[in-house]
Amino acid sequence: MSKIFVKTPQQPKKEYPIIIDKNLLQKSGELIQSSTKAKKLLIVTNSTVEKLYLNKLEDSLKNLFEYDCLILEDGEEYKNISSLEKIWTKAIDIKLERKDAIVALGGGVIGDITGFAAASYLRGVDFIQIPTTLLAQVDSSVGGKVAINHQNGKNLMGAFYQPKIVIADTDTLNTLPEREIKTGLSEIIKYAFIEKTCNHNTNFDLLNFLQINSENIKNLNHQTIQKLIAICCELKACVVNQDETEKGLRAILNFGHTIAHSIEKCTNYTIFTHGEAVAMGLKGAFEISLKKHLISQDYFDTAINLLNEYNLMYKIPQNIPAEDLYNAMFSDKKVENKHIRFILATSKAEVKMFDDIEKNIILETLKSLK
Ligand SMILES: NC(=O)c1ccc[n+]([C@@H]2O[C@H](COP(=O)([O-])OP(=O)(O)OC[C@H]3O[C@@H](n4cnc5c(N)ncnc54)[C@H](O)[C@@H]3O)[C@@H](O)[C@H]2O)c1
9 MSKIFVKTPQ QPKKEYPIII DKNLLQKSGE LIQSSTKAKK LLIVTNSTVE KLYLNKLEDS
69 LKNLFEYDCL ILEDGEEYKN ISSLEKIWTK AIDIKLERKD AIVALGGGVI GDITGFAAAS
129 YLRGVDFIQI PTTLLAQVDS SVGGKVAINH QNGKNLMGAF YQPKIVIADT DTLNTLPERE
189 IKTGLSEIIK YAFIEKTCNH NTNFDLLNFL QINSENIKNL NHQTIQKLIA ICCELKACVV
249 NQDETEKGLR AILNFGHTIA HSIEKCTNYT IFTHGEAVAM GLKGAFEISL KKHLISQDYF
309 DTAINLLNEY NLMYKIPQNI PAEDLYNAMF SDKKVENKHI RFILATSKAE VKMFDDIEKN
369 IILETLKSLK
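Pasting the structure below:
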């Protein structure tokens with residue numbers, strides 16, 4: 009079992025644990041009990057995860073909690089105000105009180121929307137994260153960003169709201185479609201490229217770990233995956249501890265995301281998963297870094313080889329003009345004073361923020377990703 013503690017500057021004395029292991033769903037009742045005084049729980053999941061894991065979770069809660077469940081439709085398109093209202097209404101119907109808790113069982117979509125419901129219902133009730141996708145276990149369940157989408161953009165309404173505990177059962181990854189595993193791997197590879205800038209006092213050398221353990225990782229070998237998730241959570245927790253609300257350092261977690269968000273927007277979030285867009289965004293960020301002479305050709309090749317090793321090479325569809333992708337970058341939440349913000353590689357596992365990348369370099373890079 010790996011156990012990592014997340015401290016946040018706003019609540020320094022209220023650190024919360026991330027527990028990573030197999031067979032954890034069976035133990036979640038006790039784990040939840042150790043993290044909250046709640047007597048009643050509202051479990052929120054979706055129609056896919058319900059069939060796979062809700063029974064297991066319920067078995068572990070039966071003798072410990074009063075609980076009720078809400079099953080949402082599966083899909084990013086349901087991460088909206090209507091699903092949020094369903095959670096609020098269910099919580100009111102079952103008379104969930106201020107001291108009770110809401111549990112998210114699912115991937116990043118369920119985690120984000122349920123977290124926002126927990127943050128807003130009765131001005132905040134305890135929130136428990138049980139992430140069941142690789143992306144949610146290494147990224148979205150950690151750090152307290154919760155949100156819903158608006159028809160005009162993703163994650164436009166949300167909050168910073170930390171969970172009481174994150175329970176990551178690696179067994180749940182065995183039913184995850186390969187495409188969703190690869191989505192998680194893109195975010196994991198991102199951590200390898202930003203590791204030193206996270207300022208963690210341990211040198212995990214995640215880049216090397218990913219290079220030498222690729223077969224075990226692709227085969228979801230339990231020990232390797234547990235260690236990998238733990239390293240990513242350590243790095244994210246360390247960044248969140250330094251900058252919970254993204255006033256500075258936390259922006260490095262967006263390495264590869266400037267281009268990724270514009271690809272997602274220009275394809276209406278339909279062609280690529282978030283991770284596939286991030287993989288293209290990482291390649292683009294490395295190309296700009298090379299063009300700006302920030303990194304060596306050797307390091308560039310290492311990065312591309314790693315993306316290749318994990319079969320994360322995708323292409324932007326030819327019919328999307330580079331100019332459209334460029335314009336879409338201006339609608340990103342991270343645009344400040346009309347400057348597009350890029351996080352770029354500066355040396356091995358180090359990145360820096362840039363607001364002054366020339367338009368022609370960005371356009372050339374976007375064209376090369378087709
Ligand atoms: N809060 C954050 O910091 C943060 C960070 C990154 C991404 N996100 C958000 O996360 C979301 C993406 O998360 P995601 O990639 O987990 O997608 P997701 O939640 O849509 O899950 C992907 C698919 O896998 C299914 N699924 C989940 N667990 C499963 C399992 N164990 N076995 C089989 N199928 C399973 C889901 O039902 C869904 O169909 C986006 O909305 C994104 O904005 C948030």
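Here my numbering is used: the first residue of the sequence shown is 9, the next is one more, and so on.
Backbone N, C-alpha and C define an ideal beta-carbon position, used for all residues, glycine too.
- In the structure shown, the three-state DSSP call for Thr53 is strand.
- Straight-line measurement puts the Cα of Leu60 at about 8 Å from the Cα of Thr183.
- Listed in chain order, the non-local C-beta contacts of Cys206 below 6 Å within the same chain comprise Leu243, Cys246 and Val247, local neighbours out to five positions each way being set aside.
- Classified as buried, Glu295 has 16 or more neighbouring CB atoms from the shown chains inside 10 Å of its CB.
- Between ligand 1 and the CB of Asp147, the shortest heavy atom gap is smaller than 8 Å.
- In this structure, DSSP gives Glu74 an extended state, which the three-state scheme calls strand.
- The shortest CA-to-CA distance from Ile156 to any of Glu188, Ile121 and Pro139 is the one to Ile121.
- In terms of Cβ geometry, Gly152 and Gly283 do not form a close pair [threshold 9 Å].
- Between Leu315 and Ile233 the beta-carbon gap is near 19 Å, outside 8 Å, which marks them as no contact.
- For a cut-off of 8 Å, the C-beta gap from Ile175 to Leu32 is around 5 Å, short enough to register as a contact.
- Between ligand 1 and the CB of Val14, the shortest heavy atom gap is not smaller than 8 Å.
- The beta carbon of His230 is closer than 8 Å to those of Lys30 and Thr178 in its chain, skipping five residues each way along the sequence.
- In the DSSP secondary-structure assignment, Met361 is bridged to Ile351.
- Scanning its chain for C-beta atoms nearer than 6 Å, with the 5 sequence neighbours on each side dropped, one finds around Asp108 the residues Ala46, Lys48 and Val133, in chain order.
- Checking the DSSP bridge columns, you'll see Ile175 partnered with Ile27.
- Between ligand 1 and Ile202, a heavy atom-to-CB distance of less than 8 Å is absent.
- Here DSSP, grouped into helix, strand and coil, assigns Ala46 to coil.
- With respect to the 9 Å criterion, Phe338 and Ala293 are not classified as neighbours on the basis of their beta carbons.
- Closest in alpha carbon position to Pro329, among Leu352, Lys378, Gly289 and Cys241, is Lys378.
- Contact between Ile239 and Phe263 does not hold, since their C-beta atoms are separated by about 16 Å, which reaches or exceeds 8 Å.
- The criterion of a C-beta distance shorter than 9 Å is satisfied by Lys356 and Thr310.
- Rounded to whole angstroms, Thr140 and Thr56 show a C-alpha spacing of 11 Å.
- Of the heavy atoms belonging to ligand 1, at least one sits nearer than 8 Å to the Cβ of Gly115.
- Our two residues, Pro325 and Glu203, have alpha carbons roughly 31 Å apart in a direct line.
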